[in-house]
Amino acid sequence: MKINDIQEIIKKIEWKSLKKEGGTCEYVPETIAELVTNNQNDREKMYWKYDNNVVVQSYLYDGAFYLIPFLIEMLKADDIKEKKEVYNLLYEIGNGSAEFDKIVTYKTDSYPFEYYIPCENGVSLPLRIACRNAVLKGWNVYITEILNEKSLFRNNALELMFSFIEYKVIQKEVLEKLFEKEKDTEFYQVAKEYYDEIIELIEHDVEI
């Protein structure tokens, strides 16, 4: 899968029907690739455009939910080298908030990867729960990134994984696997700080 393929699939969603801060999301198909461009200034500019539209100061709009599968797929794309802004946006969406009665109703298309389409007769979930569940579906992608010693985005993936602290026992196992072979002392120390916090939560049986 390449970024051009993702851009074609994303056009299947009627983005102009989806809300963002102060309008609709019709700009998504034409701008999504700018989140991973090689130009840092352009990436950052586009990140803030999305961050100030589909999730604003942690408040979620329904466009955020439909964006998630494409962001996850971008992390896996063969021709994408810049992932920081994608990870940051997934973190913001996965940890966003919305009123409990703010609902998304959708159906799922599974080819060539799973993504969501607005549908009046589909599955209904509170937006906040739907977004968190959708970001969680990229779990294996984040773990692969964390364990890849050649990756430049391990810290971003680690931060995103840790935000799902309700899965602290699994997180503990992932980090213990990491410690067995990790040679990067700086990343080891960062991971160890997360690990110590996880152990403390487990020992006190703290449920988030």
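Number 22 in the UniProt record's numbering belongs to position 22 of the sequence shown; there are no gaps in the numbering. All C-beta atoms in this analysis are idealised placements derived from N, C-alpha and C, irrespective of residue type, glycine included.
Query	Result
Measure the beta-carbon distance from F164 to P126 and round it to whole angstroms, keeping in mind my assumption that it falls under 8 Å.	That belief does not hold up - the Cβ atoms of F164 and P126 are roughly 17 Å apart, past 8 Å.
Quick one: what's got a C-beta closer than 7 Å to D42's C-beta in the same chain, skipping five residues either side?	E34
Between which residues of its own chain and E159 is the CB-CB distance below 8 Å, once the five residues before and five after are set aside?	Y87 and Y91
If you draw a straight line from the C-alpha of V54 to the C-alpha of K83, how long is it?	19 Å
In chain order, what residues of the same chain have a beta carbon less than 8 Å from the beta carbon of N38, not counting five sequence neighbours either side?	K81 and E82
Please name the residue, chosen from G122, F153 and W48, that lies closest to K76 on a Cα-to-Cα basis.	F153
Scan the segment 55–124 and note each continuous alpha helix (DSSP H) run of 4 residues or more that stays entirely inside, going in chain order.	62–76 and 84–94
Return yes when the Cβ of A134 is within less than 8 Å of the Cβ of F179, no when it is not.	no
Do S97 and R128 count as a contact pair if the criterion is CB distance below 8 Å?	yes
From residue 209 to I103, what does the alpha carbon distance come to, in whole angstroms?	This structure leaves residue 209 out entirely; the chain is present only between 1 and 208.
Quick one: residues in its chain with C-beta nearer than 6 Å to the C-beta of L175, no 5 flanking neighbours on either side, listed in chain order?	A191 and Y195
Take A157 and list the residues in its own chain whose beta-carbon comes closer than 7 Å to its own, dropping the five residues that flank it on each side.	Y87, Y142, E145 and I146
Near D109, what residues of its chain come up, given a Cβ to Cβ distance below 8 Å and the 5 sequence neighbours on each side ignored?	K12, Y115, Y116 and I117
The alpha helix (DSSP H) spanning V190 covers which residue range?	T185 to E203
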